[in-house]
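Here the structure is laid out as structure tokens; the discussion comes afterwards.
There are 2 protein chains.
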Amino acid sequence: MFTVDQNEKLILVTNDDGIHTGGLRALEEVASAFGKVVVVAPKEGQSGMAHAITVKTPIRVNKLSETANSIHYSTNGTPVDCVKMAMNRLLPRKPDLLLAGINHGGNASSSVIYSGTMAATIEACLYGIPSIGLSLLNFSKEADFSVAKQITHQIIKETIAKGIPKGVCLNVNIPALPKNVIKGIKICRQNHGVWREEFEHRTDPSGYDYYWLTGTFEDMEPQSNETDEWALRNNYVSIVPVQFDLTAYKFMDELKKWDL
Amino acid sequence: MFTVDQNEKLILVTNDDGIHTGGLRALEEVASAFGKVVVVAPKEGQSGMAHAITVKTPIRVNKLSETANSIHYSTNGTPVDCVKMAMNRLLPRKPDLLLAGINHGGNASSSVIYSGTMAATIEACLYGIPSIGLSLLNFSKEADFSVAKQITHQIIKETIAKGIPKGVCLNVNIPALPKNVIKGIKICRQNHGVWREEFEHRTDPSGYDYYWLTGTFEDMEPQSNETDEWALRNNYVSIVPVQFDLTAYKFMDELKKWDL
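Residue numbers (the working numbering), protein chains in the order written: chain U, 1489 to 1748; chain S, 1489 to 1748.
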């Protein structure tokens, strides 16, 4: 039966690609070196669900396994639902660390807004838990996480040693490259970039139109060497410290002059 | 047939409560005083969908009506999908303004993270469109939007007159109070607050467990008079200027000292 002592770390692991993915297994393996692990993850892929919460349908939880060192739960909810459910119903106590990922595919620049992985990370951060979201720049189901695991280990070790202030979490993106090609880890700011969408038009067998969302990313400041996009393009691992106050402070004084 | 001249304003209207709601109708009525209106909204309620995008199922679009001054489309997508679809497939040109709402229920403080209304607003802002998300602090389907309409008119008028810098949009929350009780409009920062969730446990007729997400909001800084929560509690309309760079700049120097 799963137990966790007060002197042991309790680590919550989740993702948005679903519980049966290589990225989640890789992250769990790394996490287990630092403490007891509870996995609460969507039963299926929830990519692009961002910070969505489930309010119109009930949440179901399945306990898939339990050992002395780990428990696995899947839910029909979003990544944020998984964090909320873990915090409120499933964990024996407040966790010492939240790890989300390792995502199959990057979450740099404005992708942080659409990412379920980073939403789960931010949600745990709102609860005051040190939180790290991790992504590998390889969308393949069969992606190789061996290098990403080493880097993840290093980042978790430093996070535990140094600590993250409340209200801040980390967005880690790892290039899908051999270890000796990766130049190091770079602390970055979020790149200013946008997804240029196109909707691919098709017609169903009954003659009705439908559309698939597709898109390509555009870096709006390719010349800057301070951004996560630049770091990744230049074979660095990027870490962006993330917070969730969206206030545009610089525009407040101007706005106060409006005739309202 | 719908047409829009270059000297006329083209206004995109959406929401997250669904196309058949009083708040959307109220917003469209106000918008029509400023230009031609295209409504692209979810066919059903999408509350809590945040910045979710639909990648696993195709998007369908229905044109519900078209006059010389307005067109109405519904989609099976999220609020962000609606904005993307409008920008890429449905609008005759880039709109001059995006209005989202009027939401049935508030979106102040950290609720901005879960809100489909504010996600649509931020999405349009990413496209470089002046964008305003509006919410009335009344969840009722039969909410009275008459006062909210007057305030919305005033804010749109000033937005068009003064302009918003690219990368900034507005989060407007309106107390559900008579006009003479509302003290005015206050420019605020996003309150630091959290939702304290509880999952209500039930058992289905087959004996299986399920949970409904419920919660209460907690203001983490009730003493501050600079926040949207304070303004609303004190009978002001709140406007928070919003941007989408999540970088925690203040923590960057510290993070650069880590042994990574």
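Virtual Cβ for every residue (Gly too), placed ideally from N, Cα, C. Treat the numbers as computed from the prediction; the structure is a model and nothing was measured.
Thinking C-beta only, is residue j closer than 9 Å to residue i?
i, j, result
"Lys1524/U", "Lys1544/U", "no"
"Ile1617/U", "Ile1639/U", "no"
"Ser1726/U", "Leu1720/U", "yes"
"Ala1529/U", "Gly1506/U", "yes"
"Ile1610/U", "Ile1601/S", "yes"
"Pro1729/U", "Met1708/S", "no"
"Leu1587/U", "Leu1622/U", "yes"
"Gly1589/S", "Asn1679/S", "no"
"Val1501/S", "Ala1736/U", "no"
"Leu1701/S", "Lys1551/U", "no"
"Ala1514/S", "Phe1633/S", "yes"
"Val1526/S", "Leu1512/S", "no"
"Asp1676/S", "Thr1647/S", "In the sequence as displayed, the identity of residue 1676/S is Cys instead of Asp. Contact flag unset, no."
"Lys1650/U", "Trp1746/S", "yes"
"Pro1580/S", "Val1492/S", "yes"
Hey, residue i and residue j are a contact pair by Cβ (cut 8 Å); roughly how many whole angstroms apart?
i, j, result
"Met1489/U", "Glu1532/U", "Not confirmed; about 28 Å, so no contact."
"Ala1538/U", "Ser1603/U", "7 Å"
"Ile1643/S", "Leu1748/U", "7 Å"
"Ala1519/S", "Pro1567/S", "Not really, about 16 Å apart at Cβ, beyond 8 Å."
Which residue from the options puts its Cα closest to that of residue i?
i, options, result
"His1592/S", "Ala1607/S, Ser1628/S and Val1656/S", "Ser1628/S"
"Glu1717/S", "Lys1667/S, Pro1693/S, Thr1702/S and Asn1595/S", "Asn1595/S"
"Lys1637/S", "Phe1687/S, Ala1521/S, Leu1585/S and Phe1739/S", "Ala1521/S"
"Phe1705/S", "Glu1517/S, Val1682/S and Gln1711/S", "Val1682/S"
"Ser1597/S", "Asp1584/U, Leu1614/U and Ser1597/U", "Leu1614/U"
"His1560/S", "Phe1687/S, Ile1620/S and Glu1516/S", "Glu1516/S"
"Asp1753/U", "Arg1548/S, Arg1513/S, Ala1612/S and Ala1514/S", "Because chain U spans 1489 through 1748 in this model, residue 1753/U falls outside it and cannot be assessed."
"Glu1685/S", "Leu1624/U, Gly1672/U, Met1575/U and Pro1693/U", "Met1575/U"
"Val1635/U", "Asp1493/U, Pro1567/U and Tyr1724/U", "Tyr1724/U"
"Phe1732/U", "Ser1599/S, Leu1624/S and Leu1743/S", "Ser1599/S"
"Gly1672/S", "Lys1744/U, Asn1557/U, Thr1491/U and Arg1581/U", "Lys1744/U"
"Asp1692/U", "Gln1534/S, Pro1546/S and Ile1620/S", "Pro1546/S"
"Gln1494/S", "Cys1570/S, Ser1562/S, Thr1563/S and Asp1584/S", "Asp1584/S"
"Lys1582/S", "Met1606/S, Ser1562/S, Ser1619/S and Asn1564/S", "Ser1619/S"
"Asn1564/U", "Asn1713/S, Ser1712/S, Lys1738/S and Tyr1699/S", "Tyr1699/S"
"Lys1674/S", "Glu1742/U, Ser1535/U and Asp1569/U", "Glu1742/U"
Name the chain S residues whose beta carbon is nearer than 7 Å to that of residue i?
i, result
"Val1518/U", "Under the 7 Å cutoff, chain S gives no residues; its nearest Cβ is about 15 Å from Val1518/U."
"Phe1739/U", "Pro1653, Val1656 and Pro1729"
"Ala1540/U", "Gly1536, Met1537, Ala1538 and Ala1540"
"Ala1736/U", "Val1656, Pro1729, Val1730 and Gln1731"
"Glu1686/U", "Asn1576"
"Tyr1724/U", "Near Tyr1724/U there are no residues of chain S at all, since even the closest Cβ is about 11 Å away, more than 7 Å."
"Tyr1602/U", "His1539 and Ile1541"
Given that residue i touches chain S, what residues does it touch there, using C-beta distances under 8 Å?
i, result
"Pro1546/U", "Arg1690, Tyr1698, Tyr1699 and Trp1700"
"Ser1598/U", "Leu1614 and Phe1732"
Kindly list, in the order they appear in chain U, the residues whose Cβ is closer than 7 Å to that of residue i.
i, result
"Ile1673/S", "Leu1748"
"Lys1650/S", "Trp1746"
Determine the chain S residues that contact residue i at a beta-carbon separation under 9 Å, and present them in chain order.
i, result
"Lys1637/U", "The premise fails here: Lys1637/U is roughly 15 Å from chain S at the closest Cβ pair, so nothing lies under 9 Å."
"Gln1494/U", "Within 9 Å Cβ-Cβ: nothing; Gln1494/U doesn't reach chain S, min ~24 Å."
"Ile1643/U", "Trp1746 and Leu1748"
Cβ closer than 9 Å: which chain U residues qualify as neighbours of residue i?
i, result
"Lys1572/S", "Trp1683, Glu1685, Phe1687, Leu1701 and Gly1703"
Which chain U residues are close to residue i, counting only those with a beta carbon under 8 Å from its beta carbon?
i, result
"Arg1677/S", "Asp1733, Thr1735, Tyr1737 and Met1740"
"Ile1543/S", "Inspection of the sequence shows that residue 1543/S is occupied by Val rather than by Ile. Within chain U, the residues near Val1543/S are Ser1535, Gly1536 and Leu1701."
Please report whether the beta-carbon of residue i lies at a distance below 9 Å from any beta-carbon of chain A.
i, result
"Ile1610/U", "Among the chains of the structure shown, chain A does not appear; the protein chains present are U and S."
Item checked: Residue ranges of each alpha helix (DSSP H) within the segment 1685-1722 of chain S, 4 or longer -> 1716-1721
Item checked: 4 or more residues per run - each alpha helix (DSSP H) lying fully within the segment 1494-1580 of chain S -> 1510-1519 and 1567-1573
Item checked: Runs of beta strand (DSSP E) wholly within the segment 1605-1645 of chain S (minimum 3 residues, chain order) -> 1619-1624
Next item on the list: Entirely within the segment 1583-1607 of chain U and at least 3 residues each: give me those beta strand (DSSP E) ranges in chain order.
Entry: 1585-1592
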